[in-house]
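Residue numbers (the UniProt record's numbering): 1 to 287.
From the three backbone atoms N, C-alpha and C, an ideal C-beta is built for every residue, glycine too.
I have placed the structure first, in the form of structure tokens, so that the comments after it can refer back to it.
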């Protein structure tokens with residue numbers, strides 16, 4: 001990755017999982033680390049906020065696997081920022097402590113800076129057609145961060161180009177999510193059996209869907225401007241609970257310990273991934 005216009009530079013360390021790397025940026029005296037997954041070929045850029053921005057566990061093998069899967073499925077460079085600064089939750093108590101201590105204001109600022117860095121120096125002060133396309137995706141806590149970031153970018157000259165959220169919604173008293181489908185193509189995925197009240201349960205999913213429907217009906221959405229056909233899609237899957245995309249053995253065991261509804265379903269997960277890959281390819285592919 002090239003040096004950005006923000007005087008950021010990067011240090012890279014290769015890992016064992018296919019084309020996975022650890023990178024650290026040094027910017028204005030501070031440092032931020034992230035995991036980067038490269039496909040064999042790429043012509044689009046995606047920011048994968050799955051710390052979650054992984055779920056609440058941190059950047060573990062499950063998140064790295066998701067990142068590599070997205071890179072391979074879309075041809076994108078996928079970047080997973082490490083919001084816990086190298087720490088991971090190995091059990092629910094540790095993960096809850098890490099998530100509870102996360103400074104959301106600072107986290108959103110870091111993600112904002114990362115998006116600007118991905119939109120490299122050649123993109124600054126250029127027309128929209130020349131701006132590098134960047135989307136975001138998040139799972140659980142990362143889903144909430146993703147929607148919060150997309151909300152923040154609705155007020156900027158160049159909103160995010162695509163957004164995908166899996167089972168997590170931020171505090172809507174703090175973040176106005178209604179403008180997202182007016183500026184950014186967005187998908188949100190939920191399990192109908194999710195028990196996380198006010199965060200990712202079916203009532204929260206339906207409220208989000210109604211919020212977006214109302215906003216698009218009243219304000220026209222980007223569809224009215226002819227930019228894309230679908231302002232948003234909210235998918236609610238009947239037979240699944242929280243974290244239904246996690247396929248790693250460790251993650252599946254944690255789901256059982258926490259008594260989350262349903263088991264991992266390989267065929268179902270592949271169908272959902274296909275929706276994500278097609279969505280990102282459609283909205284982020286360089287011409």
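Residues that residue 165 bridges to, as DSSP identifies them
Counting from one through the chain shown, the residue named residue 165 turns up at place 165. Paired residue(s): 138, 188.
Supposed close pair residue 205, residue 234 - CB separation, criterion 8 angstroms:
As a position in the chain shown, residue 205 is number 205, starting the count at 1. As a position in the chain shown, residue 234 is number 234, starting the count at 1. Yes, residue 205 and residue 234 are in contact; Cβ-Cβ is about 6 angstroms, under 8 angstroms.
Hey, residue 62 and residue 248 are a contact pair by Cβ (cut 8 angstroms); roughly how many whole angstroms apart?
Translated into positions along the chain shown, residue 62 becomes position 62. Translated into positions along the chain shown, residue 248 becomes position 248. With a Cβ gap of about 4 angstroms, residue 62 and residue 248 count as contacting.
Taking only the alpha-carbon atoms, compute the straight-line gap between residue 241 and residue 193 and give it to the nearest angstrom.
Mapped onto the chain shown, residue 241 falls at position 241. Mapped onto the chain shown, residue 193 falls at position 193. In a straight line, the C-alpha of residue 241 is about 4 angstroms away from that of residue 193.
Work out the CA separation of residue 155 and residue 167 for me, nearest whole Å.
In the chain shown, counting from the first residue as 1, residue 167 sits at position 167. In the chain shown, counting from the first residue as 1, residue 155 sits at position 155. Computed Cα separation, rounded: 24 angstroms.
Selection from 271, 270, 108 that minimises the alpha carbon distance to residue 175:
For this step, residue 175 is matched to residue 175 along the chain shown. Residue 175 has its Cα closest to that of 108, out of 271, 270, 108.
Where does residue 238 sit, in a helix, a strand or coil, going by DSSP?
Stepping through the chain shown from its first residue, residue 238 is reached at position 238. In this structure, residue 238 counts as coil in the three-state DSSP scheme.
Helix, strand or coil for residue 267, going by three-state DSSP, please let me know.
Along the chain shown, one-based indexing puts residue 267 at 267. Note: residue 267 maps to helix in three-state DSSP.
What residue does the alpha helix (DSSP H) around residue 243 start on, and which one ends it?
On the chain shown, residue 243 is found 243 positions in, with the first residue counted as 1. Per DSSP, residue 243 belongs to no alpha helix (DSSP H) and is neither H nor E.
When the Cα of residue 184 is compared with those of 268, 284, 267, which residue comes out closest?
Here the question's residue 184 lines up with position 184 in the chain shown. Ranked by Cα distance from residue 184, the first of 268, 284, 267 is 284.
To the nearest angstrom, report how far apart residue 65 and residue 78 are at their CA atoms.
By 1-based counting over the chain shown, the position of residue 65 is 65. By 1-based counting over the chain shown, the position of residue 78 is 78. The straight-line gap separating the alpha-carbon atoms of residue 65 and residue 78 is approximately 11 angstroms.
Pairwise C-alpha distance: residue 243 and residue 139:
Taking the first residue of the chain shown as position 1, residue 139 is located at position 139. Taking the first residue of the chain shown as position 1, residue 243 is located at position 243. CA-CA distance, residue 139 to residue 243, rounds to 8 angstroms.
Measure the CB-CB distance between residue 182 and residue 215 and report whether it falls below 8 angstroms.
The sequence position of residue 182 within the chain shown is 182, counting from 1. The sequence position of residue 215 within the chain shown is 215, counting from 1. In this structure, the beta-carbon distance from residue 182 to residue 215 falls below 8 angstroms.
Does the beta-carbon of residue 210 have 16 or more other beta-carbons within 10 angstroms, so that it is buried, or is it exposed?
For the purposes of this step, residue 210 is identified with residue 210 of the chain shown, where counting begins at 1. With a 10 Å radius around the Cβ and a threshold of 16 neighbouring Cβ atoms, residue 210 comes out exposed.
According to DSSP, residue 261 sits in a beta bridge with which residue or residues?
Numbered from its first residue, the chain shown carries residue 261 at position 261. Paired residues: none, contrary to the question.
Cβ-based neighbour list, residue 179, same chain, cut-off 6 angstroms, excluding 5 preceding and 5 following:
Locating residue 179 in the chain shown gives position 179, counting from the first residue. Closer than 6 angstroms at the Cβ level, and outside the excluded window around residue 179, lie 154.
Helix, strand or coil for residue 195, going by three-state DSSP, please let me know.
Working through the chain shown from its first residue, we reach residue 195 at position 195. Looking at residue 195 - three-state DSSP - the assignment turns out to be coil, as it is neither helix nor strand.
Rounded Cβ spacing between residue 136 and residue 149 (contact assumed at less than 8 angstroms)
Position 136 of the chain shown holds residue 136. Position 149 of the chain shown holds residue 149. Rounded, the Cβ-Cβ distance is 6 angstroms, consistent with contact.
Bridge partner(s) assigned by DSSP for residue 233
Reading the chain shown from its first residue, position 233 is the one you call residue 233. DSSP, once it has assigned bridges, lists 187 as partnering residue 233.
Leaving aside the five residues before and after residue 198 along the sequence, list all residues of the same chain whose C-beta is less than 7 angstroms from its C-beta, in chain order.
What you label residue 198 is simply residue 198 of the chain shown in a count that begins at 1. The residues are 204.
Check for me: the alpha helix (DSSP H) holding residue 209 runs from which residue to which?
For the purposes of this step, residue 209 is taken as the residue at position 209 of the chain shown. Counting along the chain, the alpha helix (DSSP H) containing residue 209 begins and ends at 202-219.
For a cutoff of 8 angstroms on Cβ pairs, would you count residue 65 as touching chain D?
Here there is only one protein chain, and chain D is not present.
To the nearest angstrom, report how far apart residue 280 and residue 104 are at their CA atoms.
By 1-based counting over the chain shown, the position of residue 280 is 280. By 1-based counting over the chain shown, the position of residue 104 is 104. Spanning the two alpha carbons is a distance of roughly 26 angstroms.
Would you kindly report the start and end of the unbroken alpha helix (DSSP H) that includes residue 63?
By 1-based counting over the chain shown, the position of residue 63 is 63. Here the alpha helix (DSSP H) through residue 63 covers 61-74.
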